[in-house]
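J.:
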Amino acid sequence: MSVTTDVEIQSSDNVLFKMNKKELEMFSGAFPSADSPVESGTPVELPEDSETLGILFKFMRCETHPTLDDVPFDAMLRFAEAAEKYHVYSAIPIYKLNFRQ
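This is the structure:
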């Protein structure tokens, strides 16, 4: 299934992620609604690094969520903070499970 990307998000280390506004709205309680205007060609800058956002965005798509067994502990901490910050509720049980192991 191909999803149209209509917004670019830039990490703190200048990596661009092409995302779909509707999926961001659906899977996060913190991103603006899909109807919110975004200036075309201007990426939305976030303070998290690309590793953190790369993991987070895997939980913000209409697809099976990944396991995080191979994610280093420090990266898991950054991911957990971002999941809480952006209200990505589908990610929270996964990182809590990994912290228990």
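When you line the sequence shown up against full-length UniProt numbering, it's residues 1 to 101, in that order.
Don't be surprised by glycine CBs; every beta carbon is placed ideally from N, CA and C.
By Cβ distance below 8 Å, which residues in the same chain neighbour Q10 in space, the five residues on each side in sequence not counted?
T.: Taking the sequence shown and counting its residues from 1, the one referred to as residue 10 is at position 10. The answer, listed in chain order, is L16, F17, P43, V44, E45, L46.
J.: Kindly indicate which residue of E81, A82, L68 has the alpha-carbon position closest to the one of L97.
T.: Locating residue 97 in the sequence shown gives position 97, counting from the first residue. Closest option to L97, Cα to Cα, is L68.
J.: Out of L56, A75, R61, T64, which one is the CA nearest neighbour of I92?
T.: If you number the sequence shown from 1, residue 92 lands on position 92. That would be L56, whose Cα lies nearest to the Cα of I92.
J.: Please name the residue in K22, C62, A80 whose C-alpha comes closest to that of L53.
T.: Numbered from 1 along the sequence shown, position 53 holds the residue referred to as residue 53. Ranking the options by Cα distance to L53, first place goes to A80.
J.: What do you reckon, are the CB atoms on E23 and R78 nearer than 8 Å?
T.: Stepping through the sequence shown from its first residue, residue 23 is reached at position 23. Stepping through the sequence shown from its first residue, residue 78 is reached at position 78. In this structure, R78 does not lie closer than 8 Å to E23 by Cβ.
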